[in-house]
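*Asks:*
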Amino acid sequence: MITVCSLESRRGDEMRGLIERAGGRAVIAPSMKEVPLDDRAPVFTFLDRLLAGEVDLFIFLTGVGARALLEAAATRHEPARVTESINRTKVLVRGPKPVPVLKEAGIRIDLRAPEPNTWREILAVLAEAGYELSGRRVVIQEYGAPNRELEAALRSRGASVETVAVYRWGLPDDLAPLKAAIESTIRGEFQGLLFTSAQQAVHVLRVAEQLGLRDQWLEAANRCVIGSIGPTATETLVHHGLTPDVEPEHGKMGHLVRAFFEEGPRSPKWPAG
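Residue numbers (numbering that gives the first Met the number 0): 0 to 272.
The following block contains the structure:
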């Protein structure tokens with residue numbers, strides 16, 4: 000039986016079930032947590048500009064971030080007024096997760112960036128809609144970490160870009176499972192590694208560095224069959240020296256696990272027998 004380590008945090012139990020039903024042994028090592036930002040002043044400054052009509056295009060990247068932003072806004076302004084102000088902008092969502100949050104708030108969605116939901120699809124859907132970015136005031140709802148590629152691409156097309164965030168990604172309070180997983184990887188106890196976000200790779204490498212094991216972990220990780228949830232995670236993994244073997248067509252956990260167990264055995268790194 001192949002042993003697979005997942006760095007998933009919030010949906011760790013779900014990931015465990017997916018791996019076990021596919022015939023693997025699952026080890027879950029949470030690598031992230033959402034940390035609310037103590038300083039809300041930038042959010043409230045942004046809201047003042049939004050209510051003054053100083054935003055042309057609003058890009059929502061995640062459901063969690065959209066909800067957190069609307070909840071923060073409600074502590075300062077009437078929700079109906081915030082909704083009205085957002086509805087005066089062009090609203091673009093990346094993927095399906097912001098959709099129910101915005102609909103619940105009565106916010107109209109004008110454009111949807113399709114899978115695989117990277118910054119490239121955001122630019123493509125804007126181009127297809129004939130939306131001229133030059134001179135536009137664009138706001139990006141961040142999702143725990145900046146999306147520098149998207150910001151740079153928008154600015155290169157003449158837009159002024161502002162980001163707004165109400166949380167960031169932090170390391171979990173209990174690092175013991177992640178440290179144990181790093182050491183287990185080095186000992187060769189895992190045959191598979193699954194990454195469901197780019198930030199997971201950043202965090203596991205940060206902790207490996209703290210342990211003085213970064214290079215050893217990278218070498219050992221590349222002996223495993225590595226599954227990446229999508230292009231953004233894959234780009235980050237490659238940037239840090241990891242080579243993904245499997246990337247599903249659709250960026251969902253179930254699709255990742257299915258692709259891992261269907262395509263992984265073709266890799267020479269897959270254990271014999």
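Here a beta-carbon is modelled for each residue, glycine too, at the ideal position from N, C-alpha and C.
Computed from a predicted structure; not experimentally measured.
(1) Might you give, ordered along the chain, the residues of its own chain that have their beta carbon closer than 8 Å to the beta carbon of T184, omitting 5 neighbours on each side?
(2) What residue does the alpha helix (DSSP H) around F259 start on, and which one ends it?
(3) Per DSSP, what kind of secondary structure is W168 in: helix, strand or coil?
(4) If you draw a straight line from the C-alpha of E161 to the C-alpha of T231, how long is it?
(5) Hey, out of R15, R154, R39, whose CA is closest to G253's CA?
(6) Closest to R66 by CA distance: which of T88, R10, G105 is it?
(7) Between V63, R80, V81, which lies nearest to K96 when the distance is taken from Cα to Cα?
(8) Near S133, what residues of its chain come up, given a Cβ to Cβ distance below 8 Å and the 5 sequence neighbours on each side ignored?
(9) Tell me which same chain residues have a C-beta within less than 8 Å of the C-beta of G169, skipping the five on either side of it?
(10) Does the segment 124-133 touch the segment 33-49, meaning 3 or more C-beta pairs lie closer than 8 Å?
(11) Does the CB of R10 have a neighbour CB from chain D at under 8 Å?
(12) Within its chain, find whatever has a CB closer than 7 Å to the CB of P115; leave out the 5 residues flanking it on each side and keep chain order.
*Replies:* Let's see:
(1) C4, L192, W216, A219, A220, C223
(2) 252-262
(3) strand
(4) 21 Å
(5) For G253, the nearest C-alpha among the options comes from R15.
(6) G105
(7) Distances from the CA of K96 to each of V63, R80, V81 were compared; the closest alpha carbon is that of V63.
(8) Cβ neighbours of S133 beyond the five flanking positions: R156, G157, A158.
(9) M31, K32, E33, V34
(10) no
(11) The displayed structure is made up of one protein chain only, and chain D is not part of it.
(12) These residues qualify, in order along the chain: G229, P230, G250.
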